[in-house]
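If you read the sequence shown in our numbering, its first letter stands for residue 413, the second for the next number, and so on. Glycine included, each C-beta is placed from N, C-alpha and C at the ideal position. No experiment lies behind these values; they were computed from the predicted model shown. Single-structure report; data block below.
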Amino acid sequence: MGADDMEELKVIENKNTGATQQYIVVRLGDEQYGVDIRYIENIVRMQKITRVPKVAPYLKGVINLRGEVIPIMSLRLKMFLPEDEITKATRIIILKLEQYGNIGVIVDEVKEVVTLYEEQIEKVAYDSKEERMNFLGGIGKYDGGLISLLDFNLVMQERENAV
């Protein structure tokens, strides 16, 4: 391989020079969603959830994880999808959100970790007249498909307004 070949190789490697962001891809029903890996504290198997009275229907209750009581939310119900179907693949993702502390969200399946370049993420513009809150921070283009990228700050803001 000559010097010219090396220069060409470097150019190919540097096509995506923007910053990258990693997401855990999860499945809810037939859709794939991306969760920013910076917010993920832990991923645990489904376990017994202790119900808490007088909370919104999407708040399923709490779990005790290594001595810490963590509220659990059904992402399906939060997003107006059908009730969770608990299977062997069902997981609880523990998120650490600066403003809200730790919260667990139930997902149907954790699929993979993907790295997206800035160029692969399209911002989503919403009509401000739209009544229902939106939970997406953008759409990721990956491997010929699309991944809806969840913004948990939007999810949690809506939670406060709805309760």
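By the three-class DSSP mapping on this structure, what secondary structure does residue i have?
i              : result
isoleucine 505 : strand
isoleucine 449 : helix
leucine 562    : strand
glutamine 444  : strand
valine 536     : coil
methionine 568 : helix
isoleucine 498 : coil
Quick check: what's the CA-CA separation for residue i versus residue j?
i              : j                 : result
glutamate 524  : valine 438        : 7 Å
methionine 602 : glutamate 530     : Residue 602 lies beyond the range of the chain shown here (413 to 575); nothing can be said about it.
glutamine 444  : isoleucine 498    : 17 Å
asparagine 643 : glycine 430       : No statement about residue 643 is possible, as the shown extent of the chain runs from 413 to 575 and does not include it.
aspartate 442  : methionine 491    : 13 Å
valine 464     : glycine 473       : 5 Å
proline 494    : leucine 440       : 10 Å
leucine 509    : phenylalanine 564 : 8 Å
arginine 503   : isoleucine 482    : 14 Å
glycine 550    : arginine 478      : 34 Å
valine 526     : threonine 432     : 10 Å
For residue i versus residue j, is the C-beta distance shorter than 9 Å?
i              : j              : result
isoleucine 533 : glycine 556    : no
arginine 488   : aspartate 520  : yes
leucine 507    : serine 486     : no
leucine 528    : leucine 548    : no
isoleucine 452 : isoleucine 518 : no
Starting from residue i, follow the beta strand (DSSP E) in both directions and report where the run begins and ends.
i             : result
glutamate 524 : 521 to 529
threonine 577 : In the structure as shown, the chain begins at 413 and stops at 575. Residue 577 is therefore absent and cannot be evaluated.
lysine 553    : 548 to 554
**Prompt:** If you scan the region 454 to 491 from start to end, which runs of the beta strand (DSSP E) of 3 or more residues do you find wholly inside it?
**Reply:** 471 to 477, 480 to 486
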